[in-house]
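First up is the structure itself, then whatever we jot down about it.
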Amino acid sequence: MVTITGLDLKNPTILAAGIMGTTGASLVRVAKEGAGAVVTKSIGPSPEEGHPNPSMLQLECGFLNAMGLPNPSYVDFTKEIEIAKKEAYVPVIASIFGGNADEFVKIVQGLSPAKPDAFELNLSCPHAEGYGAMIGSDPIIVKEITSEVCNNTDVPVWVKLTPNVTDIVLIGEAAASGGADAVVAINTVRAMAIDIASGYPILGNGFGGLSGPAIKPIAIKCVYELYDKLDIPVIGVGGISTWQDAVEMIMAGASAVQVGSAVFEGLDVFSSISSGIDSFLTEIGYDGVEDIIGLAHEMV
Ligand code: DHB
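Here the sequence shown is numbered in our numbering, starting from 171 and rising by one per residue.
Next comes the structure, spelled out in structure tokens:
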């Protein structure tokens with residue numbers, strides 16, 4: 171068991187935003203498969219269809235996506251959170267996005283009656299005009315949105331950060347000074363692929379965000395830097411598919427890990443990561459995950 175921002179998780183694996191998080195039923199399914207907590211698909215102020223297809227493609231090193239924040243709006247999504255809350259029996263975290271602090275607050279107020287266990291602020295989607303990383307790359311805006319949200323909710327606020335900046339620590343510090351209870355690092359890395367037969371970019375949006383194994387070392391470095399400088403927990407995400415990846419992320423400084431792309435390999439990824447971590451800890455003689463959080467910092 172781990173406790174993060176006051177939430178008790180039966181194990182340190184969390185379903186990352188954007189994967190199997192569009193309905194209450196799919197969140198319940200992932201929880202039943204062993205995730206310690208689940209995060210919804212990012213929910214915004216109004217219904218969006220998203221970017222034109224193709225919106226996702228598999229590369230040799232991971233996935234490239236530009237879904238374009240498709241979602242039914244917070245008004246329609248409230249009932250999905252209610253379903254997840256009733257049947258998942260693990261913390262349910264609402265990932266939300268808006269274009270400014272007022273929109274974020276409106277969504278927080280709209281979703282609060284469904285009682286999500288925490289909010290994760292998406293300040294990091296790499297390809298949405300006026301949303302995500304476009305505002306999440308500015309420390310002043312990050313601090314303002316975080317503090318407005320914190321003033322309007324009693325549940326923990328996690329801020330998901332973009333790696334597409336010169337210094338992720340500056341953004342993490344802005345979130346912390348706005349009152350964030352944790353930061354989540356990292357969202358996808360801006361990327362693109364081109365079809366050489368036609369000469370056109372493959373994604374409907376032209377470019378998108380890269381996830382999966384290719385970005386793990388980037389995520390490890392970001393988590394390592396954030397752990398060094400922040401006094402709030404860091405939740406690690408990016409390319410984790412095995413218990414060894416998770417242990418590495420925890421040793422870099424993560425208090426828990428999120429799993430996204432690896433879900434495509436099978437939903438047993440959560441139970442195999444958490445049981446692998448447990449066996450590793452027992453074998454080495456540690457009492458729990460907290461004994462290895464940030465361990466890599468003691469070694470240099
Ligand atoms: C989408 C992509 C992201 O990386 C994200 O954080 C949120 C949404 C999307 O394309 O829908």
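Ideal Cβ placement from N, Cα and C applies to all residues, glycine included. Every value quoted in this text rests on a predicted model; they were computed, and no experiment measured them.
Straight-line gap, residue i to residue j (C-alpha atoms, nearest Å)
{"i": "residue 290", "j": "residue 188", "result": "12 angstroms"}
{"i": "residue 249", "j": "residue 377", "result": "33 angstroms"}
{"i": "residue 339", "j": "residue 314", "result": "17 angstroms"}
{"i": "residue 422", "j": "residue 394", "result": "5 angstroms"}
{"i": "residue 318", "j": "residue 348", "result": "8 angstroms"}
{"i": "residue 177", "j": "residue 337", "result": "29 angstroms"}
{"i": "residue 232", "j": "residue 225", "result": "14 angstroms"}
{"i": "residue 242", "j": "residue 267", "result": "13 angstroms"}
{"i": "residue 345", "j": "residue 309", "result": "8 angstroms"}
{"i": "residue 185", "j": "residue 261", "result": "11 angstroms"}
{"i": "residue 194", "j": "residue 304", "result": "29 angstroms"}
{"i": "residue 302", "j": "residue 293", "result": "4 angstroms"}
{"i": "residue 259", "j": "residue 288", "result": "14 angstroms"}
{"i": "residue 247", "j": "residue 325", "result": "18 angstroms"}
{"i": "residue 459", "j": "residue 432", "result": "21 angstroms"}
{"i": "residue 172", "j": "residue 366", "result": "48 angstroms"}
{"i": "residue 216", "j": "residue 244", "result": "7 angstroms"}
Given residue i as reference, the closest of the options once Cα atoms are compared
{"i": "residue 425", "options": "432, 431 and 416", "result": "416"}
{"i": "residue 354", "options": "390, 323, 204 and 191", "result": "390"}
{"i": "residue 356", "options": "244, 446, 383 and 299", "result": "383"}
{"i": "residue 361", "options": "183, 272 and 228", "result": "228"}
{"i": "residue 182", "options": "401, 446 and 195", "result": "446"}
{"i": "residue 466", "options": "397, 201 and 450", "result": "397"}
{"i": "residue 206", "options": "281, 197, 457 and 404", "result": "197"}
{"i": "residue 239", "options": "254, 257, 213 and 245", "result": "213"}
{"i": "residue 343", "options": "273, 374 and 311", "result": "311"}
{"i": "residue 256", "options": "201, 413, 273 and 462", "result": "201"}
Outcome for residue i when other beta-carbon atoms lying within 10 angstroms are tallied against a minimum of 16
{"i": "residue 218", "result": "buried"}
{"i": "residue 472", "result": "Given that the chain is displayed from residue 171 to residue 470, the structure contains no residue 472 and the question cannot be resolved."}
{"i": "residue 428", "result": "buried"}
{"i": "residue 358", "result": "buried"}
{"i": "residue 370", "result": "exposed"}
{"i": "residue 283", "result": "exposed"}
{"i": "residue 350", "result": "buried"}
{"i": "residue 403", "result": "buried"}
{"i": "residue 406", "result": "buried"}
{"i": "residue 456", "result": "exposed"}
{"i": "residue 237", "result": "buried"}
{"i": "residue 420", "result": "buried"}
Residue i (DSSP reduced to helix, strand or coil)
{"i": "residue 285", "result": "coil"}
{"i": "residue 465", "result": "helix"}
{"i": "residue 265", "result": "strand"}
{"i": "residue 205", "result": "coil"}
{"i": "residue 422", "result": "helix"}
{"i": "residue 246", "result": "helix"}
C-beta contact flag for residue i and residue j at 8 angstroms
{"i": "residue 444", "j": "residue 203", "result": "no"}
{"i": "residue 209", "j": "residue 263", "result": "yes"}
{"i": "residue 322", "j": "residue 275", "result": "yes"}
{"i": "residue 332", "j": "residue 307", "result": "yes"}
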